[in-house]
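Contents: one structure, followed by commentary.
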Amino acid sequence: MAVRTAAALALVPAVAVVGLAWRYSAILLHPESEVVYPDRVTAADRGTVTLAESHLTRQPGTWGLQWDGGHALVGPTVRRTALGLVRPLLAGRPPAPGTVVIMDAGAYLDPAARGLTVEPVDVPTALGAAHAWFVPGDSDTWAIAVHGRGASEREALRIMPTLQKLGYPVLAISYRNDVGSPA
Numbered sequence: 381m382a383v384r385t386a387a388a389l390a391l392v393p394a395v396a397v398v399g400l401a402w403r404y405s406a407i408l409l410h411p412e413s414e415v416v417y418p419d420r421v422t423a424a425d426r427g428t429v430t431l432a433e434s435h436l437t438r439q440p441g442t443w444g445l446q447w448d449g450g451h452a453l454v455g456p457t458v459r460r461t462a463l464g465l466v467r468p469l470l471a472g473r474p475p476a477p478g479t480v481v482i483m484d485a486g487a488y489l490d491p492a493a494r495g496l497t498v499e500p501v502d503v504p505t506a507l508g509a510a511h512a513w514f515v516p517g518d519s520d521t522w523a524i525a526v527h528g529r530g531a532s533e534r535e536a537l538r539i540m541p542t543l544q545k546l547g548y549p550v551l552a553i554s555y556r557n558d559v560g561s562p563a
């Protein structure tokens with residue numbers, strides 16, 4: 381009886397660990413494609429967008445502002461009002477007040493928006509070709525830019541002009557489970 385009890389007690393944590401590992405491996409290997417819009421536009425006009433204050437909207441710098449059916453580029457916060465944080469509208473049309481949005485680290489939609497000419501290339505991987513953007517440079521040292529989970533190569537567009545000016549060849553690469561890349 382004591383042996384059975386000890387075996388059962390040892391089995392419970394092992395089953396729990398296997399279950400948790402299974403659950404989190406599914407999350408990591410099969411990212412969700414549904415976009416969640418955690419923030420809200422409280423006011424907008426031709427030159428500014430006001431966002432309800434949150435952890436994301438307080439982030440400094442230039443950001444993409446994405447919503448269902450639209451994208452704009454907003455600059456750093458210029459002032460705080462009773463309605464929220466006011467940011468200048470740098471490109472695109474402002475979303476209507478009440479629109480739910482997400483601050484997009486991939487602020488720039490394409491390399492041309494940053495003055496870059498990129499060469500689309502395919503990088504061979506064990507699962508198949510991963511698409512990438514290549515910008516040539518004179519240095520023997522390369523900069524390899526990868527993006528965060530659920531993002532795209534567009535995140536690299538923030539740093540690529542600086543790396544190009546410094547003479548580095550730059551490769552902004554996609555990876556497993558990105559749209560258009562091997563699963």
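Numbering (the working numbering), first residue to last: 381 to 563. Cβ coordinates follow ideal geometry from the N, Cα and C atoms, glycine included.
Asked: Between the segment 492 to 505 and the segment 428 to 442, can you find at least three pairs of beta-carbon atoms closer than 8 Å?; Found: no
Asked: What residue from 535, 539, 477, 558 has the CA that sits closest to residue 508's CA?; Found: 558
Asked: If you compare alpha carbons, which of 415, 531, 526 is closest to residue 540?; Found: 526
Asked: Considering only C-alpha positions, which residue in the set 419, 425, 426 is nearest to residue 446?; Found: 419
Asked: Considering only residues of the same chain and omitting the five flanking positions on each side of residue 480, which have a CB-CB separation below 6 Å?; Found: 417, 420
Asked: Helix, strand or coil, according to DSSP, for residue 542 in the structure here?; Found: helix
Asked: In whole angstroms, what is the alpha-carbon distance linking residue 514 and residue 552?; Found: 7 Å
Asked: Kindly provide the ranges of any alpha helix (DSSP H) runs that are 4 or more residues long and lie completely inside the segment 493 to 546, ordered along the chain.; Found: 540 to 545
Asked: Kindly indicate which residue of 503, 501, 487, 424 has the alpha-carbon position closest to the one of residue 466.; Found: 424
Asked: Using the three-state DSSP reduction, which class does residue 384 fall into: helix, strand or coil?; Found: helix
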